[in-house]
């Protein structure tokens, strides 16, 4: 396990503290007028999804977690667990809603996702960075609604995004799952 110093920290980096793997979600380098610089971070636990604030000072080290990523296919929601399958071995793994977290808003049956394993145990899933989903519910268009502006749309996965007025139910759109925003209409 390599050690990561304060100067190497950045948003999106995966670190391990006290045997728990985290992902840095927010990062701020602070250089006060008096005293040494430090880094204030918000880190999200891969095990339970909780976000905590952590301050790193010069000389502080954290470990690189033993994470492995596999592409898995989302099969179905059985009511208690979300079932995923390894396309190579056909092994099925169930994860709780807490473990899947925000990725659940972006995945539909049959979609491929990246499953994260920590020390050989499945802990979470990440949706693809961009997904193409069908609009299942959005307000109708009105004459004159062609300039700028946005309206809410519910997608087939259950996610709600702001879309331009000209899009209608049944259109397929591409979305960025990291920030939860509409990118473009799929031709």
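In my numbering, the protein residues as written are 1 to 187. Backbone N, C-alpha and C fix where the C-beta goes; we use that ideal spot for every residue, glycine too.
| message | Just to confirm, is the Cβ distance from residue 41 to residue 54 under 9 Å? | response | One-based indexing of the chain shown puts residue 41 at position 41. One-based indexing of the chain shown puts residue 54 at position 54. Against a cut-off of 9 Å, the Cβ pair of residue 54 and residue 41 comes out as a contact.
| Where DSSP assigns a beta bridge to residue 119, which residues make up the other side? | Here residue 119 is taken as the residue at index 119 of the chain shown, counted from 1. Per DSSP, none; premise fails for residue 119.
| task | Please specify which runs of the alpha helix (DSSP H), each continuous and at least 4 residues long, are wholly inside the region 71-135, giving them in chain order. | result | 97-100
| said: Just to confirm, is the Cβ distance from residue 43 to residue 72 under 9 Å? | reply: Taking the first residue of the chain shown as 1, we reach residue 43 at position 43. Taking the first residue of the chain shown as 1, we reach residue 72 at position 72. No, the pair does not count as a contact, with Cβ atoms beyond the cut-off.
| Would DSSP call residue 184 helix, strand or coil? | Taking the chain shown and counting its residues from 1, one reaches residue 184 at position 184. It is a strand residue.
| task | Classify residue 45 as helix, strand or coil using the three-state DSSP reduction. | result | In the chain shown, the residue the question calls residue 45 occupies position 45. Reduced to three states, the DSSP call for residue 45 is strand.
| query | If you draw a straight line from the alpha carbon of residue 162 to that of residue 101, how long is it in whole angstroms? | reply | Here residue 162 refers to the residue found at position 162 when the chain shown is read from its first residue. Here residue 101 refers to the residue found at position 101 when the chain shown is read from its first residue. Going from the Cα of residue 162 to the Cα of residue 101 covers about 21 Å.
| Going straight from the alpha carbon of residue 128 to that of residue 159, what length do you get? | The residue labelled residue 128 in the question sits at position 128 within the chain shown. The residue labelled residue 159 in the question sits at position 159 within the chain shown. Cα to Cα, residue 128 sits roughly 14 Å from residue 159.
| Best match in 96, 107, 62, 70 for proximity to residue 89 [C-alpha to C-alpha] | Along the chain shown, read from residue 1 onward, the residue named residue 89 stands at position 89. Here the closest residue by C-alpha is 70.
| request: Go through its chain and collect everything with a Cβ distance to residue 16's Cβ below 6 Å, but skip five positions before and after it. | output: Your numbering for residue 16 matches position 16 in the chain shown. The answer, listed in chain order, is 63, 65.
| message | Using only CA atoms, which one of 114, 130, 169 lies nearest to residue 140? | response | Within the chain shown, the letter at position 140 stands for residue 140. Comparing Cα-Cα distances from residue 140 to each of 114, 130, 169, the minimum goes to 169.
| task | Would you kindly work out how many angstroms separate the C-alpha atoms of residue 24 and residue 150, rounded to a whole number? | result | Within the chain shown, the letter at position 24 stands for residue 24. Within the chain shown, the letter at position 150 stands for residue 150. Residue 24 and residue 150: Cα-Cα distance of roughly 31 Å.
| query | Under a Cβ-count criterion, where at least 16 other Cβ atoms within 10 Å of its own Cβ denotes burial, should residue 186 be classed as buried or exposed? | reply | Here residue 186 corresponds to residue number 186 of the chain shown, with the count starting at 1. With fewer than 16 Cβ atoms within 10 Å of its Cβ, residue 186 is classed as exposed.
| query | Where does residue 68 fall in DSSP's three states? | reply | Here residue 68 refers to the residue found at position 68 when the chain shown is read from its first residue. Of the three classes helix, strand and coil, the one that applies to residue 68 here is strand, per DSSP.
| message | What does the alpha-carbon distance come out to for the pair residue 126 and residue 177? | response | Mapped onto the chain shown, residue 126 falls at position 126. Mapped onto the chain shown, residue 177 falls at position 177. Straight-line Cα distance between these residues: approximately 9 Å.
| message | Using only the alpha-carbon positions, how far apart do residue 103 and residue 57 sit? | response | To locate residue 103, count along the chain shown from 1; it is residue 103. To locate residue 57, count along the chain shown from 1; it is residue 57. Distance between the alpha carbons of residue 103 and residue 57 is about 32 Å.
| said: Which residue marks the beginning of the beta strand (DSSP E) containing residue 61, and which one marks its end? | reply: By one-based count along the chain shown, residue 61 stands at place 61. Element bounds for residue 61: 61-63.
| Span separating the alpha-carbon of residue 61 from that of residue 7 | For this step, residue 61 is matched to residue 61 along the chain shown. For this step, residue 7 is matched to residue 7 along the chain shown. Answer to the nearest angstrom: the Cα atoms are 10 Å apart.
| query | Which residues in the same chain as residue 28 place their Cβ atom closer than 6 Å to its Cβ, once the five residues preceding and following it in sequence are excluded? | reply | For the purposes of this step, residue 28 is taken as residue 28 along the chain shown, with counting starting at 1. The residues are 40.
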